[in-house]
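Input: a single structure, listed below in structure tokens.
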Amino acid sequence: MSWLRIVALVSVAAGMVGCQAPGQVGSIGPSFFDETASVQLVVASMPEGQRVMAPYGYIGFCVRNPDECGGGTNMPQDTALTPESWAELNKVNDYVNRSIPQVSDSALYERAEWWAYPTASGGDCEDLALMKRKLLIERGWAPENLLLSVVREWNGDGHAVLVVKTDRGEFVLDNKNWEIVAWSDAPYQWIKRQSRERPYLWVNLDARTFRNVAEAELPPLGEPAPFLAAIQKNNPAMLRPGVADAPTAAFN
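Structure, rendered in structure tokens:
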């Protein structure tokens, strides 16, 4: 059954544990392109640092869904943001936020952290971000411009959002705020996100910990993620199910 049919069968939950439910209803909509709108200005890109380890939850997701973590490009190009594509972003963001019950991993899986596409029972912040990314890719959006990102909230809690990179700036699709905002207007401390060149590689976003280090060359296009290759090599030791099923932490 397609996800469009699954989510049509479920209603929005009244609340959730962990990743909070949205606190603001609505979206910017076509006003982004009003002649007098200040947001027509191009938003500066988010600074990126050195490569860092992907979240354990994401690694576990890739072990269980290797085809979802492959691909990449050596020449990423920003998506052109038009009134039509802006409307599509808002439509997908609103649709997922409204249609999928927002439920914690502990309630769904009895685990502290478990990255997965939402089930008919719902999902939490990273699950909704994964679904938004999937739906946009199915609609023709370039995967290298749809970046899963980890942030820290004011109270220290971990959170996951989807950042969309365009020629007008980088915008945040968030289950806690149904208004799509520029990354610099989101009330978070940015920690790390997917690399545009290889989705299974992640880069540092916390400027306080940027380091000038010599980066290894990117893995050739078409090769599996290095951690997947390592798990395959050690498969006789049963490491694959161990990693796939291990508890995960928000910032590890």
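Counting in our numbering, the sequence shown runs from 1008 upward without gaps.
All residues carry an ideal CB built from backbone N, CA and C; glycine is no exception.
{"Query": "The beta strand (DSSP E) spanning residue 1198 covers which residue range?", "Result": "1196-1201"}
{"Query": "Can you tell me whether residue 1216 is helix, strand or coil according to DSSP?", "Result": "helix"}
{"Query": "Is DSSP giving residue 1065 helix, strand or coil here?", "Result": "helix"}
{"Query": "Taking contact to mean at least 3 C-beta pairs separated by less than 8 Å, is the segment 1137-1157 in contact with the segment 1167-1179?", "Result": "yes"}
{"Query": "By the three-class DSSP mapping on this structure, what secondary structure does residue 1182 have?", "Result": "coil"}
{"Query": "Which stretch, first to last residue, makes up the beta strand (DSSP E) that contains residue 1155?", "Result": "1153-1159"}
{"Query": "Residue 1093 lies in the alpha helix (DSSP H); which residues open and close that run?", "Result": "1090-1106"}
{"Query": "If contacts are defined as beta-carbon pairs under 8 Å, then residue 1209 and residue 1061 qualify, I think. What distance do you get, rounded to the angstrom?", "Result": "4 Å"}
{"Query": "In whole angstroms, what is the alpha-carbon distance linking residue 1194 and residue 1122?", "Result": "23 Å"}
{"Query": "With DSSP as the reference, identify every bridge partner of residue 1211, one or two as the case may be.", "Result": "1199"}
{"Query": "Three-state secondary structure (DSSP) at residue 1070?", "Result": "helix"}
{"Query": "Could you tell me which residues DSSP pairs with residue 1140 in its beta bridges?", "Result": "In the DSSP output, where bridge partners are listed per residue, residue 1140 has none listed."}
{"Query": "Quick one, are the C-beta atoms of residue 1124 and residue 1138 less than 8 Å apart?", "Result": "yes"}
{"Query": "Please name the residue or residues paired with residue 1084 in a DSSP beta bridge.", "Result": "BP columns for residue 1084 are empty, so no partner."}
{"Query": "Per DSSP, which one or two residues make a beta bridge with residue 1165?", "Result": "1159"}
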